[in-house]
Ligand code: FAD
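In our numbering, the protein residues as written are 49 to 485.
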């Protein structure tokens, strides 16, 4: 290709509609080469059966199908981002690279490297905000410092949304702009070529169940109901759903659900301002917390064999589907960090491996919240009683029956730890540690 081109780099924004960076690329007027890179460094750290990789691959094929209509094709690379970009810059006369911002530490480092490479070749590198309504310091205290508490953040976010009409979504690309996709031959490795095989787990289809979302505030804690929450987390994670569209729906349907979308942005700005929290407690008093070394307890927790049926139901739902109900996430995380006194980082890594909707900022933020070491965290003395939680939020026991069919038979294990003893132990260890500094 001799014409100079614009490249649009897809990452966690896998859609054509209301994609801010793509829109900017298409209006430049030059042919737009759509690119995706399977990062070989990330892929080699995963097991060869990962439903998220499969979901990305399937989504890329759908995008490719749609691009065919414009005579174009997604250019999919499987390499380190640096190598892939060297090849792209050799293959095309690239004038500009457009992409949407990604705020995770690994992504920031990667993007800096590619920006430097582009700049060394005289290619412009243009990043756009897409994944959130408000990024970085856009929602900050009057003196410019970041919020560490959710409620004032939420109030400011809500006011800013009104002020800026931030949820306006554009349904680009228009037919006219879509004609700007470069005419290209397909370049799509198969799932096997990138080292993966089908996992047997699939992502729920992108669907707004408006009737359920209207009653979200009332039923969201009900673990027995399968449609009590939206199940849109994975779509928000990979950008198959635009967050502006989700926010517009929330404004129409339910304020409580809107708040959940804002928790997502709250934790993203926490990660931006306090990147150390990925591996260290937000609250320094927890830095030397004497977590227990308990390989057997950790294994029983992972496998859903703790003898606490509601904990086991959550952990087995996670293994079987890649999803776990939010209430169950809180109960299982509390059980690990309080009943077993096991380091939240081990639990966080396990969820990271299994959750289809794994989002670094939300996972770390919520784990620290439960462990008591986070910003705006639950106080350390809040220890979930698994039996009471089950009575309240799985009244008729349907959730437990679904995931722990042998509960109530001789095959079900005895509790690995006594609740009262564990509660007292956690209170003693936490309070002693915090008071002792
Ligand atoms: P809904 O309840 O319908 O909410 C809509 C969306 O709002 C979610 O998809 C998500 O994007 C966002 N959201 C909802 N609750 C939260 C929250 N507490 N914090 C941040 N965002 C929220 N959420 C993730 O997206 N990725 C994670 O890796 C993750 N790890 C978690 C770990 C623990 C220990 C806990 C307690 C919670 C975690 N959450 C995480 C938050 C929450 O459990 C999930 O977002 C939610 O269960 C996903 O289901 P849903 O898509 O039906 O969400």
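We put the CB at the ideal spot given by N, CA and C, even for glycine.
- Non-local C-beta neighbours of residue 203 in its own chain, meaning closer than 7 Å and more than five positions away in sequence, are absent.
- Here residue 277 is buried: its Cβ has 16 or more other Cβ atoms, across all protein chains shown, within 10 Å.
- The alpha-carbon of residue 410 is positioned some 43 Å away from that of residue 51.
- Just so you know, the alpha carbons of residue 404 and residue 90 end up roughly 16 Å apart.
- Annotation: residue 188 is outside any beta strand (DSSP E) and is labelled neither H nor E by DSSP.
- Out of 271, 125, 76, 425, the CA that lies nearest to the CA of residue 143 is found in 76.
- Ranked by Cα distance from residue 479, the options 457, 460, 431, 443 are led by 431.
- Between the ligand FAD and residue 315, a heavy atom-to-CB distance of less than 7 Å is present.
- For residue 411, the enclosing alpha helix (DSSP H) starts and ends at 408 to 419.
- About 6 Å separates the beta carbon of residue 345 from that of residue 390, a gap short enough to meet the 8 Å contact definition.
- In the same chain as residue 300, and ignoring 5 residues on each side of it, no C-beta atom comes closer than 6 Å to its own.
- Burial is judged here by how many other beta carbons sit within 10 angstroms of a residue's own beta carbon; residue 241 has fewer than 16 and is exposed.
- Counting the other CB atoms within 10 Å of its CB gives residue 429 a total below 16, which places it among the exposed residues.
- Excluding five sequence positions before and after residue 119, the CB atoms of its chain that fall closer than 7 Å to its own CB belong to 231, given in chain order.
- Out of 290, 481, 437, the CA that lies nearest to the CA of residue 309 is found in 290.
- Taking a 10 Å sphere around the C-beta of residue 359, we find 16 or more other C-beta atoms and assign the residue as buried.
- Beta-carbon to beta-carbon, residue 452 and residue 357 are separated by about 5 Å, close enough to satisfy the 8 Å threshold.
- Within the DSSP secondary-structure output, residue 148 pairs in a beta bridge with 176.
- The ligand FAD never approaches residue 251 closely enough for any of its heavy atoms to be under 7 Å from the residue's Cβ.
- Per DSSP, residue 127 lies in no alpha helix (DSSP H) segment; the continuous beta strand (DSSP E) that holds it begins and ends at 123 to 127.
- The alpha-carbon separation between residue 445 and residue 482 amounts to approximately 37 Å.
- With fewer than 16 neighbouring CB atoms inside 10 Å of its own CB, residue 454 falls in the exposed class.
- Contact between residue 69 and residue 84 does not hold, since the beta-carbon distance rounds to 13 Å and is not under 8 Å.
- Beta-carbon to beta-carbon, residue 355 and residue 461 are separated by about 5 Å, close enough to satisfy the 8 Å threshold.
- Residue 66 sits buried, since 16 or more C-beta atoms from the chains shown fall within 10 Å of its C-beta.
- DSSP, reduced to helix, strand and coil, places residue 54 within a strand of the structure shown.
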